[in-house]
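What follows is one structure encoded as structure tokens, with my remarks underneath.
Number of protein chains: 2
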Amino acid sequence: MNYRFAGRMKRVPESFLGELFRVSAVPGVISFAGGLPASDCIDVDGIAEAARQVFAEEGRTALQYSTTDGYLPLREFIADRYRRRLGLPATADEIQIVNGSQQSLDLAAKIFIDPGDAVGMERPGYLGAIEAFSFYEPVFHAVPLEEDGPDLAVFESVIRDHAPGLFYGIPNSQNPSGTTYSDRKRRAVAEILEGSETVFYEDDAFGELFFDGRPRVPVKRYIPEQTLISGSFSKIIAPGMRIGWIYAPAPILREFNLAKQAADLHSNLLCQAILNRYLRTHDLDGHVRRVAAVYGEHCRLMCDLLDDLMPAGMTHTRPEGGIFLTAALPRGVSSMEVFHDGVREGVAVLPGVPFYVDGGGKETIRLNFSAVGAEEIVEGMHRLARVMHRLV
Amino acid sequence: MNYRFAGRMKRVPESFLGELFRVSAVPGVISFAGGLPASDCIDVDGIAEAARQVFAEEGRTALQYSTTDGYLPLREFIADRYRRRLGLPATADEIQIVNGSQQSLDLAAKIFIDPGDAVGMERPGYLGAIEAFSFYEPVFHAVPLEEDGPDLAVFESVIRDHAPGLFYGIPNSQNPSGTTYSDRKRRAVAEILEGSETVFYEDDAFGELFFDGRPRVPVKRYIPEQTLISGSFSKIIAPGMRIGWIYAPAPILREFNLAKQAADLHSNLLCQAILNRYLRTHDLDGHVRRVAAVYGEHCRLMCDLLDDLMPAGMTHTRPEGGIFLTAALPRGVSSMEVFHDGVREGVAVLPGVPFYVDGGGKETIRLNFSAVGAEEIVEGMHRLARVMHRLV
């Protein structure tokens, strides 16, 4: 039978990612290609105990249907943390629970993007956002990321000339680059946006994971009515429960709620209740500090090995937090070659290609330093070095 | 600030449902308005024990990221059940896990519907489908439901004249009517569809809940390549975990998987693992038989009371399964009046209005018989009878 799919399906970027992950899932391959948190950093016993309490004390309600906005005690916890940690005057009414940050991307695109609408992004930009947005057929305008945030001249011209409905950015430890916006650029971004019709989509998946433990001021602080923040427990507690949230002004949240209801009624209540119980019986600050310390060590180790082992002309970012860095390859070496030769050598990296909406990424690779341990980082970097020296 | 939302947001049906549920959530109100399974029918202890085993034996993997298609053992269980119960040659490769049936609706619309595309539905049609589809801006063509399924002449003319990309139906114990397609109409629907470009979306949320325990032959049996089936554990195990699935031909499932990945990467793995463990250590057939028996008794009780207590001119459907029936009001009585007077009297019903894409429903109400116990059904029907006698 000849199936007649919607036109938008042709706009979805070629999913060579699935292929990459299949290829790199060979036993023995050390993978820097994914984005998993360290399994050792997931407190399985603590979460199991929280689950036991939920079943014992509120099992029957936690297994029933619930409201679209999400489990109130969890939304209160999140709002309270914004108030205490970042000085943002959040209330539970401004929080909507979603299935991890990825669903925030889909729903935001659904409520904001008509086919042909302009959408601003960083260059390189997060591939999950590119994928989610593409279903709504926008025209992307990419703003180059510099060491301390977006190129402000290009950013200003995108906002002025194209009036995007959304600008999507990750100011804290960006995926894929690992870059963090400076305070100056946060203010400048807010000033340029002020008075425009562009909503700033501030993806904050990594803000809790700065190696120095110091929170950075969100752009939302400067233009609260014009910013929505998305957050997630995937990187700090556990991704398998698929619980994230959006924190947005009431008029945006209203549309968001409609879209969420139509998308899947509500996020799974059992995991919301388990997470809430876990968060209220454990020291999240301490947990996050321990996780960030582990990732900080991994990151320093990886950076040192890149400096020591790789051929001349290969450079890399130096993240202050998060789980990714990006390396630029020596002239003439292609990221797809590094990927294919790498898998044969037993090390997987992610070519930069899917992070670019306008071509590019052929000379960069993304490296993840959270999923694998120190020993594997050492061995994996030596394997990568052999590949690189062969290719230059 | 003036937010610039996408055009599709204006196409979303007025959500008076939220308002209705708020109004009817007054303490003391007996609600026939919702669609919850009986809380007593949820095996909290069994699910808690399954969760304990998952944490003990596979906690670390169940809390990590996973693949978009879903947890393989659960998909195998579902496929195996299709083979044994309905004689459909399903394999795990043809199953995609989603967040309850509602997400199947959203994703199917996303992959099949361009703005302005024709979509066929039953009249009345399931409001969750109307909501989900509306975001993709289709033109709805509604086919009247008769006692034994769709009006075949209208069905045929919709398929021939409008060539919808999708026809969405609920052959088993439809929501809201409670109607079940006869075998004759299932075959006729398949024959009319054969050779057309229309995919039949066979929503099977209630197929396990026939009061006589006898499975009905799915339309997919007759036109397998042209039918996708959606199913859900919400009505038979527990809705709070938000686990459903789609069973579709490979070319459809491929697009579905792309859309699911962009929408939220994957459904929560922890609940998939818990459900799988529960299903493999419990007697699902026995459980479903017990639940269907309870709902069957509730349904007969409600039907008897409607016959005995309501004024002349009020009629109702006689479901063979599921959790809903629809009552037609005596001439001149409006469903919104019954709703408002009902809440004052302490009983909530759902006006038929949101189930019609082309006006209608002002003279019908949907009644749910799963969420409340027998005593409440008796008391609630007496309250409703007082309202009805006042209004005629």
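Protein sequence lines correspond, in order, to chains X and Z.
3 is the number of the first residue of the first sequence in our numbering; add one for each residue after it.
3 is the number of the first residue of the second sequence in our numbering; add one for each residue after it.
Glycine residues also receive a C-beta, built at the ideal position from the N, C-alpha and C atoms.
Treat the numbers as computed from the prediction; the structure is a model and nothing was measured.
Asked: Local conformation of S372 (chain X) per DSSP, three classes; Found: coil
Asked: CB contact check: G279 (chain X) to chain Z, cutoff 7 Å; Found: The question names Gly, but residue 279 (chain X) in the sequence shown is Arg. It does not: the Cβ of R279 (chain X) has no partner Cβ on chain Z nearer than 7 Å.
Asked: Beta-carbon spacing of L303 (chain X), A192 (chain X) below 7 Å; Found: no
Asked: T319 (chain Z) versus P178 (chain Z) - alpha carbon distance; Found: 10 Å
Asked: Cβ contact check for the segment 124 to 139 of chain X and the segment 167 to 177 of chain X: 3 or more pairs under 8 Å; Found: yes
Asked: Proximal chain Z residues relative to Y249 (chain X), where beta-carbon distance stays under 9 Å; Found: The contacting residues do not exist; Y249 (chain X) stays about 16 Å from chain Z at best.
Asked: Any alpha helix (DSSP H) of 4 or more consecutive residues that is wholly inside the segment 46 to 78 of chain Z; Found: 46 to 64
Asked: Residues of its chain near C273 (chain Z), where Cβ-Cβ distance is below 6 Å and the 5 sequence neighbours each way are ignored; Found: M243, I245
Asked: Beta-carbon contacts of I254 (chain X) that lie in its chain and below 8 Å, excluding the five residues immediately before and after; Found: I113, V201, L230
Asked: Residue closest to S159 (chain X), alpha-carbon to alpha-carbon, out of X:E196, X:A330, X:V145; Found: X:V145
Asked: Euclidean distance between Cα positions of D82 (chain Z) and Y358 (chain Z); Found: 36 Å
Asked: Residue-level contact to chain Z via CB, C153 (chain X), 7 Å cutoff; Found: Here residue 153 (chain X) turns out to be Asp, not Cys, going by the sequence shown. D153 (chain X) does not count as touching chain Z.
Asked: Contact list for R385 (chain Z) against chain X, beta-carbon separation under 7 Å; Found: Near R385 (chain Z) there are no residues of chain X at all, since even the closest Cβ is about 24 Å away, more than 7 Å.
Asked: For V351 (chain X) and A35 (chain X), believed in contact at Cβ under 8 Å, the rounded distance; Found: 6 Å
Asked: Start-to-end residues for the beta strand (DSSP E) that takes in A144 (chain Z); Found: 141 to 148
Asked: Members of the segment 153 to 187 of chain X that neighbour chain Z once the beta carbon cut-off is set at 7 Å; Found: G167
Asked: Candidates X:L277, X:P332, X:C305, X:D343: closest to I379 (chain X) by CA position; Found: X:C305
Asked: Inter-residue spacing [alpha-carbon to alpha-carbon] between L393 (chain Z) and D150 (chain Z); Found: 31 Å
Asked: Residue of Z:F341, Z:P332, Z:V290 minimising C-alpha distance to G324 (chain Z); Found: Z:V290
Asked: Residue interval of the alpha helix (DSSP H) (run including F135 (chain Z)); Found: 129 to 136
Asked: Cut-off 6 Å between Cβ atoms - residues of its own chain near S234 (chain Z), not counting five sequence neighbours on either side; Found: G102, S103, A207, G246
Asked: Counterpart residues of F326 (chain Z) in DSSP-defined beta bridges; Found: Z:N370
Asked: Pairwise C-alpha distance: A64 (chain Z) and Y280 (chain X); Found: 16 Å
Asked: Secondary structure of S33 (chain Z), DSSP reduced to three states; Found: strand
Asked: Residues within the segment 202 to 217 of chain X neighbouring chain Z, beta-carbon criterion of under 8 Å; Found: none
Asked: Nonlocal neighbours in the same chain, by C-beta distance under 6 Å from P117 (chain Z), ignoring five residues either side; Found: E139
Asked: Exposure label - D45 (chain Z); buried when at least 16 CB within 10 Å; Found: buried
Asked: The segment 4 to 16 of chain Z touching the segment 55 to 72 of chain X, judged by at least three CB pairs closer than 8 Å; Found: no
Asked: Chain-order list of residues whose beta-carbon lies under 8 Å from that of L38 (chain X) (same chain, five-residue window excluded); Found: P241, N370, S372, A373
Asked: Beta-carbon proximity of L386 (chain Z) to V349 (chain Z), cut-off 7 Å; Found: yes
Asked: Residue of X:Y170, X:E210, X:P220 minimising C-alpha distance to R186 (chain X); Found: X:P220
Asked: Beta-carbon contacts of S198 (chain X) that lie in its chain and below 6 Å, excluding the five residues immediately before and after; Found: I161
Asked: C-beta neighbour in chain Z for C273 (chain X), strict 7 Å; Found: yes
Asked: Listed by chain order, chain Z residues near G102 (chain X) by CB distance under 7 Å; Found: D266, L267
Asked: C-beta neighbour in chain X for R77 (chain Z), strict 7 Å; Found: no
Asked: Residue closest to K222 (chain X), alpha-carbon to alpha-carbon, out of X:L88, X:G72, X:H391; Found: X:L88
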